[in-house]
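So the structure is just underneath, and the comments pick up after that.
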Amino acid sequence: MLDKNGIAKRIAQEVRNGWYVNLGIGIPTLVANHIPESIDVEFQSENGILGMGPFPVDGEEDSDLINAGKQTITAMPGAVYFDSATSFAMIRGRHVQLTVLGAMEVSTSGDIANWKIPGKMVKGMGGAMDLVASADNIIVAMMHTNRAGASKLLPACSLPLTGVGCVKRVVTNLAVLDIKDGAFHLVERAPGVSVEEIVQSTAGDLVVPDEVPKMSI
Amino acid sequence: MLDKNGIAKRIAQEVRNGWYVNLGIGIPTLVANHIPESIDVEFQSENGILGMGPFPVDGEEDSDLINAGKQTITAMPGAVYFDSATSFAMIRGRHVQLTVLGAMEVSTSGDIANWKIPGKMVKGMGGAMDLVASADNIIVAMMHTNRAGASKLLPACSLPLTGVGCVKRVVTNLAVLDIKDGAFHLVERAPGVSVEEIVQSTAGDLVVPDEVPKMSI
Amino acid sequence: MAISKVVSSAEEALQGVESGMTLMLGGFGLCGIPENCIEELVRIGVKDLTCISNNAGVDDFGLGKLLQKRQIIKMISSYVGENEEFERQMLSGELEVDLIPQGSLAERCRAGGAGVPAFFTPAGYGTEVAEGKEVRIFDGKPHILESALISDFAFVKAWKGDSAGNLVFKATARNFNPMMAMAGMITVAEVEELVPLGELDPNTIHTPGIFVQRIFVGEKYEKRIEQRTVRHA
Amino acid sequence: MAISKVVSSAEEALQGVESGMTLMLGGFGLCGIPENCIEELVRIGVKDLTCISNNAGVDDFGLGKLLQKRQIIKMISSYVGENEEFERQMLSGELEVDLIPQGSLAERCRAGGAGVPAFFTPAGYGTEVAEGKEVRIFDGKPHILESALISDFAFVKAWKGDSAGNLVFKATARNFNPMMAMAGMITVAEVEELVPLGELDPNTIHTPGIFVQRIFVGEKYEKRIEQRTVRHA
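Chains as they are written, first to last, in this note's numbering: chain A, -17 to 199; chain B, -17 to 199; chain C, 3 to 235; chain D, 3 to 235.
Take a look at the structure:
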């Protein structure tokens, strides 16, 4: 079974040279730590930077330089700042090759719910709806089950949706799964995780091939 | 009767302190020469400059700095350059207080035709359609009659339209006229021009008040 | 001569702001917010405001200050966490909240400033954001029709500005400020530094002065950091 | 490390350009046009091109060179005077011409790059430009629905650029270049000067490198002036 860093590490393997990547808050943010040196990518943060670097060293924080999670950051050589309309022009116009974000629920039709729980305080969708509606390549990073142990991979989302039919791949603590033809397709299992355990933890239709390779991370 | 410079001079009287002004090619361009020193205005050229200055002195032309008529220009202190989308955001978003442009025909309903003569080579509308569709304040600068002596102020335009119901004031070599309630309203006559001459030269309905002041220019 | 937009104080800059108005306020989180305009809004005590702002500040800073004084009746935002008073007012029904996808919010402000009354976007299709909105398929993909946003006043915060109202922003403090400057009927810019006319390179101005009606130097900037995050070197 | 977009020549930059494609070309008149890309288009001799460009050059410069070689079958522009060969081909029916209001052309390119498939504008309502287009009233005023434009290749010309494809334009040579950079499936930028990564101030970049797929230094710039106009000092 993977921890959060393991999930991020596995997702980092999906990143290709030359891609612009938008990483959501939480596990997705960790992906940046695992991109191999041999690969050139640039991180976009939707509040207005391309070429986001690591967090600053203590004492070098700049209140004018933050990421979409409102954290202080740094800029890499070749970075560029822009306004929010331009930022979402990049996103909506499909100039960003990969979006990684968290989710509360994902369905077999590729729907995603990650912004609202009825009855709880609603914080808002931020840029998530724009990101999922536009990206050609969306990877969801999440735990396979919620704290109560219930599957987050469902026949249909029960929570209010963030986007419809947009998620193509999910990486969890248990597995890598693709979504197509109205089902989850098991692609890889995490080290130490059995196919049976994944089947048990997946509420939506799951297609299991004869051979399920173990992740190499 | 006014010459082209006279028309420009009369139009310059319409300009108020603090206005952003877009001047079309031809007579409108001359308006800039007649703005009193006491008035602060900025000229916008739709190819991407605000704060346009006079033509450069010989030897100081910059091929990267032109106006919408493709003429070499200069920039005033406080000028700013921008792209074409931003330029027309200014125009369409009604941030430009006054547009002055030429016309082939104007009608009693405020329609304007100034871009196309059927059977002749069509050069295109450039920014004229955006300008007339958006400006709150459009003044047409033109000769009262065409070369054949026919009126350019008509009950309805015969040429393909540039815009509909948008012109509120026309300044010609003979007169200043407002357009409202489906008619031209004579506001001022040019020096040396009789009301009869204006009536003769105006094909569209013309409302003539008892008193028609002479322009003071 | 360039048109001068300079006013001497926040007080003068906010002349004409009245209760019941719709205001836009630039900033993302606490980054790039018009601190001095917010202070002045608190001071003059206008009420029943509709505020269009990506976020709602924190309890004791940014728009949170207006919430504490119950000056806001409606927020139009994309993300409004980090604020207990906000939550209390929202749950009690004192505060109406209209949540909008962040990209749609940005584009709707730009559209308002650019004279584009409506546009299609894929964001929010199939979600509650799309309820009551026209849906149309383009290139096989459903889109919803979103309308432009404008405001009575827009308050933006820039790094540098000149008397003509030209503005330059710093780093990610730019965010929503340029679009909101376009969409305000009256746009007030507060700046850290007012430079002499002609000092800003006309090639590198972010917001042309035509979008700004009043400009003043902010008295003091706290520029609070919401999530101070550092790495261990 | 930033993604590198640098190619060594116009020839390499235009790899993949084929007859029948739709191209965007930046520039206003002869100001800010991608001179070296145009030369290369002439050299490789691709035909049946649809060119989206505000203007069509003059007889012997700019897009006029492609017209002389009869490489263009359709022009999408706002103004196409100043060109006798253009006129001849248009009147003889060899060349199709789609005339678009300049602001709509600019906004349609931006929309194409920004993932906005369509938007409403008042420009052209009641004229032949509106024929066949949906009309809708907003705030009492009729608007027409205009669609986004995209292209197989966009060719833009900048003043300075870096290896990440970040671009800075000079004065009014910016014009249509930034929007077209956004709207090209493959955007080729030619620059007067390629500067080391990190030299461009990230605050003052006009076109972020994400919109540029290939960048090269133009071999030679004539930068011809169309209407040399001077005042007598």
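Glycine included, every Cβ here is placed at the ideal spot set by N, Cα and C.
Quick caveat: nothing in here was measured; it's all calculated off a predicted structure.
Residue i in three-state terms, based on DSSP
i: Ala61 of chain B; result: strand
i: Ser116 of chain A; result: helix
i: Cys53 of chain D; result: strand
i: Ala156 of chain D; result: strand
i: Ile(-7) of chain A; result: helix
i: Ser66 of chain B; result: helix
i: Cys33 of chain C; result: strand
i: Lys135 of chain D; result: coil
i: Gln215 of chain D; result: coil
i: His208 of chain D; result: coil
i: Ser21 of chain C; result: coil
i: Thr11 of chain B; result: helix
i: Gln2 of chain C; result: Look at the range of chain C in this structure, 3 to 235, and you will see that residue 2 of chain C is not part of it.
i: Lys143 of chain D; result: strand
i: Gly105 of chain C; result: helix
Burial state of residue i, where buried means 16 or more other Cβ atoms lie within 10 Å
i: Asp93 of chain B; result: buried
i: Val149 of chain A; result: buried
i: Ile139 of chain D; result: exposed
i: Arg112 of chain C; result: buried
i: Pro210 of chain D; result: buried
i: His234 of chain D; result: exposed
i: Leu101 of chain D; result: buried
i: Asn49 of chain B; result: buried
i: Val170 of chain D; result: buried
i: Gly145 of chain A; result: buried
i: Arg110 of chain D; result: buried
i: Ala130 of chain A; result: exposed
i: Ala132 of chain B; result: exposed
i: Ile35 of chain C; result: buried
i: Ile227 of chain C; result: buried
i: Leu(-16) of chain A; result: buried
Test item: CB-CB of residue i and residue j under 7 Å
i: Asp163 of chain A; j: Gly105 of chain C; result: no
i: Ser165 of chain C; j: Ser6 of chain C; result: yes
i: Glu43 of chain A; j: Arg230 of chain C; result: yes
i: Ser116 of chain B; j: Arg151 of chain B; result: no
i: Tyr2 of chain A; j: Ile188 of chain D; result: no
i: Val214 of chain D; j: Gly167 of chain D; result: yes
i: Ser183 of chain A; j: His126 of chain A; result: yes
i: Gly35 of chain B; j: Thr68 of chain B; result: no
i: Leu168 of chain B; j: Leu159 of chain B; result: yes
i: Leu147 of chain D; j: Lys135 of chain D; result: yes
i: Gly51 of chain A; j: Ile7 of chain A; result: yes
i: Val60 of chain C; j: Glu87 of chain C; result: no
i: Val189 of chain A; j: Val177 of chain A; result: no
i: Ala191 of chain D; j: Ile217 of chain D; result: yes
i: Met182 of chain D; j: Gly28 of chain D; result: yes
i: Gly101 of chain B; j: Leu136 of chain B; result: no
i: Val(-3) of chain B; j: Val39 of chain B; result: no
ask   = Taking any Cβ of chain C, which residues in the region 31 to 45 of chain A have a Cβ under 7 Å from it, in chain order?
value = Ile31, Pro36, Phe37, Pro38, Val39, Asp40, Glu43, Asp44, Ser45
key: Where the region 1 to 26 of chain A meets chain D: residues whose CB sits under 9 Å from a CB there   = Trp1, Tyr2, Glu19, Ile21, Asp22, Val23, Glu24, Gln26
query = At a Cβ cut of 8 Å, what residues of the region 204 to 220 of chain D count as close to chain A, listed as they run along the chain?
reply = Pro204, Asn205, Ile207, Pro210, Gly211, Ile212, Phe213
task = Quick one: which residues of the region 185 to 199 of chain C get their C-beta closer than 7 Å to a C-beta of chain B? List them in chain order.
result = In summary, the residues of the region 185 to 199 of chain C whose CB is separated from some CB of chain B by less than 7 Å are Leu199, in the order they occur in the chain.
message = Three Cβ pairs or more, each shorter than 8 Å: is that satisfied between the region 104 to 117 of chain B and the region 121 to 130 of chain D?
response = Contact holds between the region 104 to 117 of chain B and the region 121 to 130 of chain D, because three or more Cβ pairs, one in each stretch, are under 8 Å apart.
Segment contact flag, the region 63 to 75 of chain C with the region 73 to 89 of chain A, C-beta cutoff 8 Å, min 3 pairs = no
request  = Select from the region 45 to 62 of chain B all residues with a C-beta closer than 7 Å to any C-beta belonging to chain D, and list them in chain order.
outcome  = Within the region 45 to 62 of chain B, the residues whose Cβ lies closer than 7 Å to some Cβ of chain D are Ser45, Asp46, Leu47, Ile48, Gly51, Lys52, Gln53, Thr54, listed in chain order.
task = Would you be able to state if there are at least three C-beta pairs under 8 Å between the region 14 to 33 of chain D and the region 154 to 165 of chain D?
result = yes
inquiry  = Closer than 8 Å is the cut-off here; do at least three beta carbon pairs connect the region 173 to 180 of chain D with the region 30 to 38 of chain B?
reply    = yes
message = Any C-beta of chain A within less than 8 Å: which residues of the region 107 to 119 of chain D qualify?
response = Arg112, Gly114, Gly115, Ala116, Gly117, Val118
ask   = Between the region 44 to 60 of chain C and the region 68 to 82 of chain C, are three or more C-beta pairs nearer than 8 Å?
value = yes
message = Contact between the region 31 to 45 of chain C and the region 218 to 230 of chain C is defined here as three or more beta-carbon pairs at a separation below 8 Å; is this criterion met?
response = Yes, since at least three Cβ pairs between the region 31 to 45 of chain C and the region 218 to 230 of chain C fall closer than 8 Å, the two stretches touch.
task = Determine which residues of the region 97 to 110 of chain A have a Cβ less than 9 Å from any Cβ of chain C, and write them out in chain order.
result = Cβ contacts with chain C: Trp97, Lys98, Met103, Val104, Lys105, Gly106, Met107, Gly108, Gly109, Ala110.
key: Residues from the region 66 to 79 of chain B in contact with chain D, defined by Cβ distance under 9 Å   = Ser66, Ala67, Thr68, Ser69, Phe70, Ala71, Ile73, Arg74
task = For the region 157 to 181 of chain C, enumerate the residues whose C-beta is nearer than 8 Å to any C-beta of chain B, in chain order.
result = Here the close residues are Asp164, Ser165, Ala166, Asn168.
task = Using a Cβ-Cβ cut-off of less than 7 Å, list which residues of the region 8 to 27 of chain D approach chain A; keep chain order.
result = Listed in sequence order: no entries.
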